[in-house]
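Participant: First the structure, which I've put down as structure tokens, then a few questions once you've had a look.
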Amino acid sequence: MSPLWPFRRKHSQTVGLEVRPGAIVLAITAPDSAKTKASITRLETIVAQPAQRLQQLTEYVVNHKLQGAACNLVLPPEFYSIQQIERPPVEDSEMSAAAGWKIRDLLDYDLEDAIVEAFEFPDDALRGRPAQVNVVSARKSVLQDLITLVESSGLRLESIDITELALRNLLLQIQSTEAPAKGIGLACLIMREHGGILVLVKDGNLYLTRRLEADMEGLADPDRQGATGQQLALEVQRSLDYVESQLGQVPPRRLFAASELHEEQMLKALDETLGLQVVPLPATEAGMAEDVIPLAGQWVACGAALRNQHKTVTGGA
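Per the working numbering, the sequence shown starts with residue 237, numbered consecutively.
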């Protein structure tokens, strides 16, 4: 699939940008000397409330001479919704409009105020069901504010994507460094303070996306640590069971995981409970330059920065 909201590319340097409610996260790539691939050479998290975003981002762009650099913007989950529906019987060119009409009653704003895009669910996971699509919707006003932010800062907007697709890019980057394992999926879990996202990718396609809720502060409380870890592991295991029982897919052998809070405790709890290998996201294999080590809150922006290397996608919800 092409980027959800595409813009034209003209520059070799790329900025992955995630605009969160209280911060701006940037990941900057530069091509290698042979210009055959790009690696992430710089990461930055800038604390900024909405009123401060433009000034802070513009100063960063100017100070690091990024004017005119291509920008892949990624939306955090709170800025959009994603649903899976039966594929409308229309041509591909009409898919987004038809999908928007089908989900109109699920929106808490008018369809006229929405931007809607759809991407296919993998055929081999249908198991006799009608064809499905995933439908992403966001408020026009939110997107327009973000577009204005990027363009006013001096960056050149190339695409707008969602968190799930950014995580897909990370998994594909990791997979590209390994021996081919066609047909075997990889899973990634990113947790923040009160929740996170789990994705499963196989052969370049999204098979599963799940939004999970968890009070990650509980992992630091001796009285709640066990229950918090077990509950998160249960939610992950339910999703993996769904992959096998409902989608007919071989469960992943590994889960790459990161958390902004208490990552070590989370990894330990999941590794002790789940029947697969649970490991941190590997910096080098995920496209980082030497000595660049992302914080947990920077991985999504890294995935956005890498999206030009991993473009074609279908996906599941």
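The beta carbon of each residue, even a glycine, is placed where N, CA and C say it ideally should be.
For Pro313, I'd like the list of residues in its chain whose CB is within less than 7 Å of its CB, leaving aside the five on either flank, ordered along the chain.
Facilitator: Taken in chain order, the residues that qualify are Thr399, Ile433, Arg447.
Participant: Which of the three DSSP states, helix, strand or coil, is assigned to Ser248?
Facilitator: The answer is coil: DSSP assigns Ser248 none of H, G, I, E or B.
Participant: Restricting to Cα atoms, I'd like to know which of Leu253, Pro518, His300, Asn308 is closest to Asn544.
Facilitator: It is Asn308 whose Cα lies nearest to the Cα of Asn544.
Participant: Relative to the C-alpha of Ala532, which candidate in Ser248, Ala263, Gln249 has its C-alpha closest?
Facilitator: Of the candidates Ser248, Ala263, Gln249, the one whose C-alpha sits nearest the C-alpha of Ala532 is Ala263.
Participant: Could you please give the first and the last residue of the uninterrupted alpha helix (DSSP H) stretch that includes Asp477?
Facilitator: 461-481 is the extent of the alpha helix (DSSP H) around Asp477.
Participant: Does the pairing of the stretch 350-357 with the stretch 387-394 give three or more beta-carbon distances under 8 Å?
Facilitator: Too few Cβ pairs lie closer than 8 Å, so no.
Participant: Going by CA-CA distance only, name the one from Leu470, Asp397, Trp337 that's closest to Cys538.
Facilitator: With distances taken between Cα atoms, Cys538 lies closest to Asp397.
Participant: With a 10 Å radius around its C-beta and 16 neighbouring C-beta atoms as the bar for buried, classify Glu445 as buried or exposed.
Facilitator: A small correction: the amino acid at residue 445 is Thr; Glu does not occupy that position in the sequence shown. Flag for Thr445 reads buried.
Participant: Leaving out five residues on either side along the sequence, give the residues of the same chain with a beta carbon under 6 Å from the beta carbon of Glu471.
Facilitator: Leu448.
Participant: Using 8 Å for Cβ pairs, my map puts Glu297 next to Leu362. What's the rounded Cβ distance?
Facilitator: Checking the sequence, you will find Val at residue 297 rather than Glu. Incorrect: roughly 45 Å between the Cβ atoms, too far for contact.
Participant: Which residue wins for smallest C-alpha separation from Gln501, given the options Met427, Gly440, Thr520, Arg489?
Facilitator: Nearest of Met427, Gly440, Thr520, Arg489 to Gln501, Cα basis: Met427.
Participant: List the whole-angstrom C-beta distance separating Ala469 from Gly252, where the pair is believed to meet the contact cut-off of C-beta under 8 Å.
Facilitator: Not quite, the Cβ-Cβ distance comes to about 30 Å (not below 8 Å), so this is no contact.
Participant: From Ala270 to Glu414, what does the alpha carbon distance come to, in whole angstroms?
Facilitator: Its pLDDT being 49, under 50, Ala270 is placed unreliably by the model, and the measurement read from it follows with that caveat. The alpha-carbon atoms of Ala270 and Glu414 are separated by roughly 21 Å.
Participant: With respect to the alpha helix (DSSP H) encompassing Ile410, which residues constitute its N-terminal and C-terminal limits?
Facilitator: Note, Ile410: alpha helix (DSSP H), 399-412.
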